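Trainee: There's a structure below that I have some questions on.
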Amino acid sequence: MITHSLPLPAPAPGHQRELLVHQFGDGDHKAYLQAGLHADEWPGLLTLQLLMERLTQLEAEGKVLERIDIVPFANPVGMNQRIFGKTPGRFDFITGQNFNRGMAIDADDLIERVGNRLGADGATNDALVRTELRTMVAEKAGHYEIEALHRALLSQSLDANVMLDLHCDYEALPHLFYGDHQRDIGSRLAHCLGFPVRLEEDVRGVVAFDGTHTQPWVKLAAATHKPFARPCFAATLELRGQNDVNETLARRDCEGILAFLEAEGFVRDSGAKPQTQEGDSVTINVDQVKVITASHSGIAVFHREMGEHLNEGDHYADIVLLDSEGPERIAVTAPASGVLFSRTHQVLTHPGATLGMIASDKQQIKPGKQLSF
Ligand SMILES: [Zn+2]
1 MITHSLPLPA PAPGHQRELL VHQFGDGDHK AYLQAGLHAD EWPGLLTLQL LMERLTQLEA
61 EGKVLERIDI VPFANPVGMN QRIFGKTPGR FDFITGQNFN RGMAIDADDL IERVGNRLGA
121 DGATNDALVR TELRTMVAEK AGHYEIEALH RALLSQSLDA NVMLDLHCDY EALPHLFYGD
181 HQRDIGSRLA HCLGFPVRLE EDVRGVVAFD GTHTQPWVKL AAATHKPFAR PCFAATLELR
241 GQNDVNETLA RRDCEGILAF LEAEGFVRDS GAKPQTQEGD SVTINVDQVK VITASHSGIA
301 VFHREMGEHL NEGDHYADIV LLDSEGPERI AVTAPASGVL FSRTHQVLTH PGATLGMIAS
361 DKQQIKPGKQ LSF
């Protein structure tokens, strides 16, 4: 293992921060994993530490076949948002921006730069595109600390063949997001992890960190019809809920990730096995996710459990009003049929707040608009 330190520009005098990048193995192909881009999401931080233990051992045994880079904490800026006993960690205090948005590469610019230089050989095209992507990252603005953070992360990740971004939800079934153009490899990853809920997304619209890695390839392919040998596969892993941080779950996810890395040729003979699936599998496009929103302020009381199938109109929750003249509660019904896979733990609710998410069997929003919720 080789460790690099990546200093971020100090946002104010005396506030220098840095990222760590641990590199295992070497080779023509690179896998990149990070955790904690939303700095209030901690299951992945532990999972990557366990994965590093496994990779250290495998590397000593000569079983790491390609390069695997790990950024064990992707957001030192957010991790320092310690305020009154909480770590908000999801939005940048300076710009208000979600740490997992707003870093997309300008695909039109990329097409202009490399489009007419692509030929008939996929591997040559890959190399050309990756060189240009590295250049475009280096040219990105870094005035605000969040921009510099994104630029530093992408400088390590954007040329990868496999990119896994570890997140979690408030309370949730384990689930993952990947591009709907990469269903085969996405299903393989879900199988290795044993994650029941698979959300396939159209990466041509608004993208997060994962889609930032796949969108350029998708748009290039559509614009040029040229072949690529091994464009980036990227996925966001939602490792259950914020409180699901323990040795057992982290070990399970570590072994699932390692089984996937082995299936993709990054390690051999690791002994890692695909994990048993946690519940019935549900594969939908992410535009089929129905968000259950609150209509009133009050305390939310839930009547249905995670993983349950809800029918439209089912009594999902009550909002117990606090400012009514007498005891009063407002029933919240399921706005669509499907599997309840995510639920808030912030039960002091308000109009518009998300109370849960249903993996439904119908399209709920326009494709490519999923990241507006
Ligand atoms: Zn997140």
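Read left to right, the sequence shown gives residues 1 to 373 (the working numbering).
Note that beta-carbon positions come from the ideal geometry of N, C-alpha and C, so glycine has one too.
Small disclaimer: the values here were computed from a predicted structure and weren't measured.
(1) H191: beta carbon under 7 Å from a heavy atom of ligand 1?
(2) Which full runs of the beta strand (DSSP E) of 3+ residues lie inside the region 139-178, going along the chain?
(3) Among F209, R17, F341, P367, whose alpha-carbon lies nearest the alpha-carbon of V162?
(4) May I have the straight-line CA-CA distance separating L166 from S297, to the nearest angstrom?
(5) What do you reckon, are the CB atoms on K290 and A353 nearer than 8 Å?
(6) Please confirm whether any heavy atom of ligand 1 lies closer than 7 Å to the CB of N100.
(7) Within its chain, find whatever has a CB closer than 7 Å to the CB of K63; leave out the 5 residues flanking it on each side and keep chain order.
(8) Using a Cβ-Cβ cutoff of less than 6 Å, which residues in the same chain neighbour R204 once the five nearest sequence positions on both sides are dropped?
(9) Determine the closest residue to D287 out of L348, D180, Y316, T293, with distance taken between C-alpha atoms.
(10) Taking one C-beta from the region 88-101 and one from the region 300-313 each time, how about it: are there three or more such pairs within less than 8 Å?
(11) Any idea if N75 is buried or exposed, counting beta-carbon neighbours within 10 angstroms, 16 or more meaning buried?
(12) From the DSSP output, read off the bridge partner residues of E238.
(13) When we look at the beta-carbon of G313 and count the other beta-carbons within 10 Å, is it buried (16 or more) or exposed?
(14) In the DSSP assignment, what are the bridge partners of S342?
(15) Can you tell me whether DSSP reads S5 as helix, strand or coil?
(16) Buried or exposed: K226, going by 16 or more other Cβ atoms within 10 Å of its Cβ?
(17) Can the beta-carbon of R198 be found closer than 8 Å to that of F260?
(18) Can you give, in chain order, each stretch of the alpha helix (DSSP H) that sits fully within the region 191-274 and has at least 4 residues?
(19) Is E147 a contact residue of ligand 1, with contact defined as CB to any heavy atom under 7 Å?
(20) From the DSSP output, read off the bridge partner residues of H22.
(21) Quick check: does the Cβ of H167 come within less than 7 Å of any heavy atom belonging to ligand 1?
(22) Is the beta carbon of V71 less than 8 Å from the beta carbon of Q156?
(23) Might you give, ordered along the chain, the residues of its own chain that have their beta carbon closer than 6 Å to the beta carbon of R130, omitting 5 neighbours on each side?
(24) Using 7 Å as the cut-off, classify the Cβ of E41 as near or not near the heavy atoms of ligand 1, replying yes or no.
(25) Taking only the alpha-carbon atoms, compute the straight-line gap between P174 and L20 and give it to the nearest angstrom.
(26) Please classify H315 as buried or exposed, where buried requires at least 16 other C-beta atoms within 10 Å of its C-beta.
(27) Tell me, to the nearest whole angstrom, how far the beta carbon of L237 is from that of L51; I am working on the premise that it is less than 8 Å.
(28) Given 7 Å as the limit, tell me if H38 has its C-beta closer than that to any heavy atom belonging to ligand 1.
(29) Using the beta-carbon count (16 or more within 10 Å), is S360 buried or exposed?
(30) Take E201 as the anchor and find which of H345, K86, Y178, P351 has the nearest alpha-carbon.
(31) Measuring alpha carbon to alpha carbon, tell me which residue in A31, I105, T333 is nearest T212.
(32) Which of the three DSSP states, helix, strand or coil, is assigned to D318?
(33) Thinking C-alpha only, which one of Q363, A317, A107, K362 is nearest G356?
(34) Just grab the DSSP bridge partners of R329 for me.
(35) Can you list, in chain order, the residues of its chain with a C-beta nearer than 6 Å to that of R67? Leave out the 5 residues immediately preceding and following it.
Mentor: Checking against the coordinates, here is how it stands:
(1) In terms of side-chain proximity, the C-beta atom of H191 is found no nearer than 7 Å to any non-hydrogen atom of ligand 1.
(2) Within the region 139-178, the complete beta strand (DSSP E) runs of at least 3 residues are 162-169.
(3) Closest option to V162, Cα to Cα, is F209.
(4) If I take the Cα positions, the gap works out to 32 Å.
(5) Note that the C-beta distance between K290 and A353 is not below 8 Å.
(6) Between ligand 1 and N100, a heavy atom-to-CB distance of less than 7 Å is present.
(7) Cβ-Cβ distances below 7 Å link K63 to V267, R268, D269, S270 in the same chain, with the five nearest sequence neighbours on each side left out; the list follows chain order.
(8) Within the same chain, and ignoring the five residues on either side of R204 in sequence, the residues whose Cβ sits closer than 6 Å to its Cβ are G368.
(9) Of the candidates L348, D180, Y316, T293, the one whose C-alpha sits nearest the C-alpha of D287 is D180.
(10) These segments do not touch.
(11) Looking at its Cβ environment, which holds 16 or more other Cβ atoms inside 10 Å, N75 is buried.
(12) According to DSSP, which records beta bridges pairwise, E238 is partnered with H167, H175.
(13) Answer is exposed; the Cβ neighbour count stays below 16.
(14) Paired residues: A172, M357.
(15) Strand.
(16) By the Cβ neighbour-count rule, K226 is buried, with 16 or more other Cβ atoms within 10 Å of its own.
(17) In this structure, F260 does not lie closer than 8 Å to R198 by Cβ.
(18) The qualifying runs are 209-224, 247-263.
(19) Answer for E147: no, Cβ out of range of ligand 1.
(20) The beta-bridge partner set that DSSP reports for H22 consists of T3, I70.
(21) The answer is yes for H167.
(22) Against a cut-off of 8 Å, the Cβ pair of Q156 and V71 comes out as a contact.
(23) For R130, the CB contacts under 6 Å within the same chain, skipping 5 residues up- and downstream, are D159 in chain order.
(24) Remark: the shortest separation between the CB of E41 and any heavy atom of ligand 1 falls under 7 Å.
(25) Near 27 Å, if we compare the C-alpha coordinates of L20 and P174.
(26) By the neighbour-count rule (16 or more Cβ atoms within 10 Å), H315 is not buried but exposed.
(27) Not confirmed; about 12 Å, so no contact.
(28) Yes, since a heavy atom of ligand 1 falls inside the 7 Å radius drawn around the Cβ of H38.
(29) Around the beta-carbon of S360, 16 or more other beta-carbon atoms lie within 10 Å, marking it buried.
(30) Looking at the Cα atoms, Y178 is the closest of the given residues.
(31) Nearest of A31, I105, T333 to T212, Cα basis: I105.
(32) Three-state result, D318: strand.
(33) Of the listed residues, the one whose Cα sits closest to G356 is A317.
(34) Paired residue(s): V320.
(35) Answer for R67: G25, D26, G27, K30, listed in chain order.
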